[in-house]
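*Asks:* Here you go, one structure.
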Amino acid sequence: MIESLFFLFCFLILGEFISTLLTLPIPGSVIGMVLLTVALEFNIVKAETVKPSSKILLNNLSLLFIPPGVGLMVYFNIINEYFLPIVISYFVSTFAVLYISGIIVQRLDRS
Amino acid sequence: MKSLLTQPIFSFFVTIGLFYFFKIIYTKYPFALLNPVMLSVITLILYLKSFQIPYEEYFEGAKVISFFLGPAVVALAVPLHEQMVEIKKRKSPLLISVGVASIIGVLAAAGIAHALGASSEVVASIAPKSVTAPIAMGIAQKINGIPSLTTAIVIATGILGAVLGPGFLRLCGIKDPLAFGFAMGSASHGIGTARALEEGELQGSVAGLAMALNGVATATVTPFLIKLFF
């Protein structure tokens, strides 16, 4: 458990370091995820080593989004001001991206 | 009484307590609209509003929960690695999909908001709405949007995708697990990924991959698209 947390944080910090050093708009956690995937692929880190805490974190991933989600309440005023354009754009573009990205993967695979 | 309610331990307690409660309900009645994240967020907002507790005070106690978002995103490497054989087989459909979806996503979000009379600031804030919050905020800053408004819309997009996405995809006949997961991650980042993980390892890992790829693609195309069209 501690070992796996240690390795996850190693890659998180490495990712943060690269993100700050190169002033990338990509968050350190995403860079860390890519680096850890590469490390796992090349067997530099064994999957078994990082698995224990990865499992716990991913099984409860939804929970982790609740505190920032509640932050929505702070922005009610500004959303209210442009209610219609924001809400319509929000619904249409979300469903558009869902459909397009899904259909492309499914169709291209069949052909 | 109020001093107890604003203590950090209490914020933490109600957050996991509500999530625990709504998860039990959702396991019994797995309807999309009973999504535990959505119901927990709504209940917590109602609770904070009715006791007039400011968000900042709540977040003092609850931030230990979201602190683990960082390592959790890194942890997505594990299912990604385990499904790599499946993913590599279909590399090009996945890459074409993010390329097209990132452009359409930005154009649809910004275009509709623009057409309906939103100010250029609001258009810029809504443009990167499908990608994970830290990336979206960075993009919004670059194109003169309001980063905090972007954060709000991004989170709302995640919840919308997680709640209605699976049903919508099934309705459209997108049942292939790889396509399903990829769509969830592309459209609704981490919250969609969390929902896709409930469907299976492949769906979840591909969603995590889509979140990363779409983040990078959207960060690249948005400044150009905004300059070109708006």
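Chains G and Y, in that order, give the protein sequences.
Counting in the numbering used here, the first sequence runs from 1 upward without gaps.
Counting in the numbering used here, the second sequence runs from 1001 upward without gaps.
Built from N, CA and C at the ideal position, the CB exists for glycine as well.
If you're wondering where the values come from, they're calculated on a predicted model, not measured in any experiment.
1. Would you give the residue range spanned by the alpha helix (DSSP H) that residue 1029/Y belongs to?
2. Measure the C-alpha to C-alpha separation of residue 1163/Y and residue 1056/Y and round it to an integer number of angstroms.
3. With a threshold of 7 Å on Cβ separation, who are the neighbours of residue 1215/Y within its own chain once the five nearest residues in sequence on each side are excluded?
4. Would you list, in chain order, the members of the stretch 1073–1089 of chain Y that have their beta-carbon closer than 8 Å to a beta-carbon of chain G?
5. Excluding the 5 residues preceding and the 5 following residue 1014/Y in the sequence, name in chain order all residues of the same chain whose CB lies nearer than 8 Å to its CB.
6. Would you list, in sequence order, the uninterrupted alpha helix (DSSP H) runs of no fewer than 4 residues that lie entirely inside the stretch 1097–1184 of chain Y?
7. Give me the Cβ distance between residue 1167/Y and residue 1032/Y, rounded to the nearest whole Å; I'm assuming they're in contact under 8 Å.
8. Which residues bound the alpha helix (DSSP H) around residue 1078/Y?
9. Do you know offhand how far residue 1128/Y's Cα is from residue 1084/Y's?
10. Chain Y partners of residue 83/G, CB-CB under 7 Å?
11. Just to confirm, is the Cβ distance from residue 1183/Y to residue 1102/Y under 9 Å?
12. At which residues does the alpha helix (DSSP H) containing residue 52/G begin and terminate?
13. With burial defined as no fewer than 16 other Cβ atoms inside 10 Å of the residue's Cβ, what is the status of residue 1009/Y: buried or exposed?
14. I need the DSSP call for residue 27/G, collapsed to helix, strand or coil.
15. At a Cβ threshold of 9 Å, is residue 1221/Y touching chain G?
16. So which residues on chain G does residue 1071/Y lean against when the C-beta distance must stay under 9 Å?
17. Taking one C-beta from the stretch 1057–1067 of chain Y and one from the stretch 61–74 of chain G each time, how about it: are there three or more such pairs within less than 8 Å?
18. Anything in the stretch 1177–1200 of chain Y with a Cβ closer than 8 Å to a Cβ of chain G? List those residues in chain order, please.
19. Can you list, in chain order, the residues of the stretch 1118–1137 of chain Y whose Cβ is nearer than 8 Å to any Cβ on chain G?
20. Once DSSP output is grouped into helix, strand and coil, what is the label at residue 1289/Y?
21. Would you please verify whether the beta carbon of residue 44/G is less than 9 Å from any beta carbon of chain Y?
22. Check the Cβ of residue 1050/Y against every Cβ in chain G and list those closer than 7 Å, keeping chain order.
23. How is residue 1043/Y classed by DSSP in three states: helix, strand or coil?
24. Are residue 1077/Y and residue 37/G close, meaning C-beta to C-beta below 9 Å?
25. Leaving out five residues before and five after residue 1053/Y in sequence, what residues of the same chain have Cβ atoms less than 7 Å from its Cβ?
26. Return the chain-ordered list of same chain residues with a C-beta closer than 7 Å to the C-beta of residue 1221/Y, the five sequence neighbours on each side being excluded.
*Replies:* Put simply:
1. Within the second sequence, the letter at position 29 stands for residue 1029/Y. Note, residue 1029/Y: premise wrong, no alpha helix (DSSP H); not H, not E.
2. Against the second sequence, residue 1163/Y aligns to sequence position 163. Against the second sequence, residue 1056/Y aligns to sequence position 56. In a straight line, the C-alpha of residue 1163/Y is about 27 Å away from that of residue 1056/Y.
3. By one-based count along the second sequence, residue 1215/Y stands at place 215. Result list for residue 1215/Y: 1131, 1132 and 1135, in chain order.
4. Flagged, chain order: 1073, 1074, 1075, 1076, 1077, 1078, 1079, 1080, 1081, 1082 and 1084.
5. Translated into the one-based positions of the second sequence, residue 1014/Y becomes position 14. Answer for residue 1014/Y: 1044 and 1047, listed in chain order.
6. Counting whole runs of 4 or more residues, the stretch 1097–1184 of chain Y contains the alpha helix (DSSP H) stretches 1120–1126, 1133–1142 and 1147–1171.
7. For the purposes of this step, residue 1167/Y is identified with residue 167 of the second sequence, where counting begins at 1. For the purposes of this step, residue 1032/Y is identified with residue 32 of the second sequence, where counting begins at 1. Contact holds; Cβ gap of about 5 Å.
8. Indexing the second sequence from 1 puts residue 1078/Y at position 78. Annotation: the continuous alpha helix (DSSP H) that includes residue 1078/Y extends over 1077–1082.
9. The residue labelled residue 1128/Y in the question sits at position 128 within the second sequence. The residue labelled residue 1084/Y in the question sits at position 84 within the second sequence. Each residue's Cα considered, the two are about 28 Å apart.
10. Along the first sequence, one-based indexing puts residue 83/G at 83. Contact note: residue 83/G does not reach chain Y at a C-beta cutoff of 7 Å; the least C-beta distance is about 10 Å.
11. On the second sequence, residue 1183/Y is found 183 positions in, with the first residue counted as 1. On the second sequence, residue 1102/Y is found 102 positions in, with the first residue counted as 1. Against a cut-off of 9 Å, the Cβ pair of residue 1102/Y and residue 1183/Y comes out as no contact.
12. Here residue 52/G refers to the residue found at position 52 of the first sequence. Boundaries of the alpha helix (DSSP H) around residue 52/G: 47–59.
13. On the second sequence, position 9 is the one that residue 1009/Y refers to. Exposed: under 16 other Cβ atoms inside 10 Å.
14. Taking the first residue of the first sequence as position 1, residue 27/G is located at position 27. Secondary structure at residue 27/G: coil, using DSSP grouped into helix, strand and coil.
15. In the second sequence, counting from the first residue as 1, residue 1221/Y sits at position 221. Cβ-Cβ to chain G under 9 Å: no for residue 1221/Y.
16. By one-based count along the second sequence, residue 1071/Y stands at place 71. Residues of chain G whose Cβ lies closer than 9 Å to the Cβ of residue 1071/Y are, in chain order, 5, 8, 9, 11, 12, 29, 32, 53, 54 and 57.
17. With a cut-off of 8 Å on Cβ pairs, the stretch 1057–1067 of chain Y is in contact with the stretch 61–74 of chain G, counting three or more such pairs.
18. Listed by position, the residues of the stretch 1177–1200 of chain Y near chain G (Cβ gap below 8 Å) are 1178, 1179, 1180, 1182, 1183, 1184, 1186, 1187, 1188, 1190, 1191, 1193, 1194, 1195 and 1197.
19. Only those residues of the stretch 1118–1137 of chain Y whose C-beta falls short of 8 Å from the nearest C-beta of chain G are listed: 1118, 1119, 1122, 1126, 1129, 1130, 1132, 1133, 1134 and 1135.
20. Beyond the ends of chain Y as shown, which are 1001 and 1230, falls residue 1289/Y; an answer cannot be given.
21. As a working note, residue 44/G is residue 44 in the first sequence. No, its Cβ sits nowhere closer than 9 Å to a Cβ of chain Y.
22. In the second sequence, the residue the question calls residue 1050/Y occupies position 50. Listed along chain G, no residue sits closer than 7 Å to residue 1050/Y by beta-carbon distance, the nearest being about 12 Å off.
23. Indexing the second sequence from 1 puts residue 1043/Y at position 43. In the three-state reduction of the DSSP assignment, residue 1043/Y falls in the helix class, which pools H, G and I.
24. Within the second sequence, the letter at position 77 stands for residue 1077/Y. Within the first sequence, the letter at position 37 stands for residue 37/G. The answer is yes: Cβ separation under 9 Å.
25. Taking the first residue of the second sequence as position 1, residue 1053/Y is located at position 53. The answer, listed in chain order, is 1005 and 1006.
26. In the second sequence, residue 1221/Y corresponds to position 221, counting from 1. Only 1102, 1103 and 1106 meet the Cβ criterion.
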